[in-house]
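Peer 1: Counted from 1, the sequence shown has number 176 at position 176 by full-length UniProt numbering; the numbering is strictly sequential.
Just so you know, even glycine gets a beta-carbon here, dropped at the ideal spot from N, CA and C.
The structure displayed is predicted, hence computed values, not measured ones.
I have a structure I would like to understand better, so I am pasting it below and will then ask my questions one at a time.
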Amino acid sequence: MPGNVTVRWFREGSPVREVAALETRVTIRKDGSLIINPVSADDSGQYTCEVSNGIGEPQSASAYLNIECTQGSSGHMEVLVRKPPAFTVEPDPLYQRKVGESVEMHCDAQEAEGTSKPNIQWQRRDGQPLQKNRVRINSGNITIENLRRSDFGYYQCVASNEVATIVSATQLVIEGTQPHAPYNLSGSATEFSVTLSWMPGYSGGPDYKQDYTIWYREAGVSEWSTIPVTPSGSTQVTINRLSPGTTYEFQVIGKNALGDGMMSKVITIRTLGPKPGQPRNVTVVEIPNGFLISWQVPLERAHLVQFYTIKYRTDAQWKTLNRGQIRPEETSYLVKNLVGGRTYYFRVLANSLKSYETSEEIKFPVPARVKHKAITAGVVGGILFFIVAIILSICAVKICNKHICKEKEKEAECPA
1 MPGNVTVRWF
11 REGSPVREVA
21 ALETRVTIRK
31 DGSLIINPVS
41 ADDSGQYTCE
51 VSNGIGEPQS
61 ASAYLNIECT
71 QGSSGHMEVL
81 VRKPPAFTVE
91 PDPLYQRKVG
101 ESVEMHCDAQ
111 EAEGTSKPNI
121 QWQRRDGQPL
131 QKNRVRINSG
141 NITIENLRRS
151 DFGYYQCVAS
161 NEVATIVSAT
171 QLVIEGTQPH
181 APYNLSGSAT
191 EFSVTLSWMP
201 GYSGGPDYKQ
211 DYTIWYREAG
221 VSEWSTIPVT
231 PSGSTQVTIN
241 RLSPGTTYEF
251 QVIGKNALGD
261 GMMSKVITIR
271 TLGPKPGQPR
281 NVTVVEIPNG
291 FLISWQVPLE
301 RAHLVQFYTI
311 KYRTDAQWKT
321 LNRGQIRPEE
331 TSYLVKNLVG
341 GRTYYFRVLA
351 NSLKSYETSE
361 EIKFPVPARV
371 KHKAITAGVV
381 GGILFFIVAI
391 ILSICAVKIC
401 NKHICKEKEK
411 EAECPA
């Protein structure tokens, strides 16, 4: 720092060397830095550096110094080391009982020897409360008396302390009951039908056969219609004669020799809207530049046609022929790349917004000569090119001879 520069430091407006609490702990270095060593909590405050070279007004800059420190040593602490609990007795994986009987499921746990016993509780895995008037818990064991169908389910023994919680689960099966509710009911719709499938609930025991009945109705209608599912025990059924573009509600119930079981959850499915009629009189005709596929518009609901699609196959798999949608006012499509000697099958689809109707399938064997067209065209083109080349060569020779004759006429008469 130049010798004519003076640096002064201030704390809260007072020179630091004049602050009694700082005067023995502050140092101003040659480069102007302020050193406080050691610092204390009382040193917090506004500090200002003022620089002057004796010419003009001094320049200054300020900063706030915040001192953070501990509140001193803490008191004595007692640390309790505990281990997580471990099961010494676990319930069986499965308990099977009949309605009206009782069941006792055993469970126990401990920590390390000489420490306190963990807390042991029983609970249903589905979150339903235990029926206190029929349930007793003693030393980790649970007893359920006068068993009912509603007691069917998964139970878990929970052992816990301040360190960890452990769980051991078991299943309680109640035999001799009506079926439990089917689940995972789902379906798919067409214009006039819905196909349903589901997973069976517990049948009531190995000695009981389960059958199903479908309940359904239009949304907003109070009365339900029912359809028994056949064959017996089947978990899939198709319901026909439904109205197009209509929302229906469905549920399924199981039944065994003891009576009706519990209803499944209700699902809602909407049938597809009305679809166009069938495209008619599909034909395939060979024309000079390819093959023309033609059809007539449907006789019924032709106004619903949004676009046409052409499908074809030469084996078992159907493929789409047209690249883009064919507009409803168009009733023909030109194909140029059919393979000669191969048999094609075609059908035309009339598409509405959410459904479609397909024409009858037609068969068209492509003539074998079609595959020779490209070869024939190449041969003809080659011959024509050869003829033109000969003509051009003859013309070039004649022009060249005339030019030579004219050159010779200047020197002597050119012979005829």
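When the Cα atoms are used, what is the spatial distance from residue 419 to R280?
Peer 2: The first residue shown for the chain is 1 and the last is 416, placing residue 419 beyond what the model contains.
Peer 1: Should V16 be labelled buried (16 or more other beta-carbon atoms within 10 Å of its own) or exposed?
Peer 2: With 16 or more Cβ atoms within 10 Å of its Cβ, V16 is classed as buried.
Peer 1: Determine which residues share a DSSP beta bridge with R347 and list them.
Peer 2: Its beta-bridge partners are K311.
Peer 1: Buried or exposed: P129, going by 16 or more other Cβ atoms within 10 Å of its Cβ?
Peer 2: That one is exposed.
Peer 1: From N289 to Y308, what does the alpha carbon distance come to, in whole angstroms?
Peer 2: Going by the C-alpha atoms only, they are around 22 Å apart.
Peer 1: Could you check how far apart the C-beta atoms of I137 and D151 are, in whole angstroms? I think they sit under 8 Å.
Peer 2: About 15 Å separates the two Cβ atoms, so there is no contact after all.
Peer 1: According to DSSP, is R148 helix, strand or coil?
Peer 2: Coil at R148, not helix or strand.
Peer 1: Return yes when the Cβ of S186 is within less than 8 Å of the Cβ of I267, no when it is not.
Peer 2: Yes.
Peer 1: From the DSSP output, in three-state form, read off V302 for me.
Peer 2: Note on residue identity: the sequence assigns Ala, not Val, to residue 302. In the structure shown, A302 sits in a helix (DSSP, three-state: H, G or I).
Peer 1: Decide if N240 is buried, meaning its Cβ has at least 16 other Cβ atoms within 10 Å, or exposed.
Peer 2: The residue is exposed, with fewer than 16 neighbouring Cβ atoms inside 10 Å.
Peer 1: Give, in chain order, every unbroken run of the beta strand (DSSP E) that is at least 3 residues long and sits entirely within the segment 12-82.
Peer 2: Those beta strand (DSSP E) runs which fall completely within the segment 12-82 and span 3+ residues are 26-28, 34-36, 45-52, 59-65.
Peer 1: Assign R369 to buried or exposed, taking buried as 16 or more other Cβ atoms, counted over all protein chains shown, within 10 Å of its Cβ.
Peer 2: Exposed: under 16 other Cβ atoms inside 10 Å.
Peer 1: What first and last residue would you give for the beta strand (DSSP E) that runs through G233?
Peer 2: Segment: none, G233 is in no beta strand (DSSP E) and carries neither H nor E.
Peer 1: With DSSP run on the structure shown, which of helix, strand or coil describes N401?
Peer 2: Note: N401 maps to helix in three-state DSSP.
Peer 1: Are three or more beta carbon pairs between the segment 319-336 and the segment 254-265 nearer than 8 Å?
Peer 2: Result no; under three Cβ-Cβ pairs closer than 8 Å.
Peer 1: If I'm right that K275 touches S355 with Cβ under 8 Å, what's the distance once you round it to whole angstroms?
Peer 2: With 8 Å as the limit, K275 and S355 qualify as a contact, their Cβ atoms being about 4 Å apart.
Peer 1: Using three-state DSSP, classify V194 as helix, strand or coil.
Peer 2: Here V194 sits in strand by DSSP.
Peer 1: Can you tell me whether DSSP reads V388 as helix, strand or coil?
Peer 2: Three-state result, V388: helix.
Peer 1: Is the beta carbon of I310 closer than 8 Å to that of V252?
Peer 2: The answer is no: Cβ separation not under 8 Å.
Peer 1: Taking the alpha carbon of N322 as the point to measure from, which residue in E18, V348, K30 has its own alpha carbon closest?
Peer 2: Closest option to N322, Cα to Cα, is V348.
Peer 1: In angstroms, rounded to a whole number, what distance separates the CA positions of S60 and E12?
Peer 2: Near 14 Å, if we compare the C-alpha coordinates of E12 and S60.
Peer 1: Determine, using beta carbons only, whether V19 and V51 come nearer to each other than 8 Å.
Peer 2: Cβ atoms of V19 and V51: not closer than 8 Å.
Peer 1: Could you please give the first and the last residue of the uninterrupted beta strand (DSSP E) stretch that includes A368?
Peer 2: From DSSP, A368 is part of no beta strand (DSSP E); its letter is neither H nor E.
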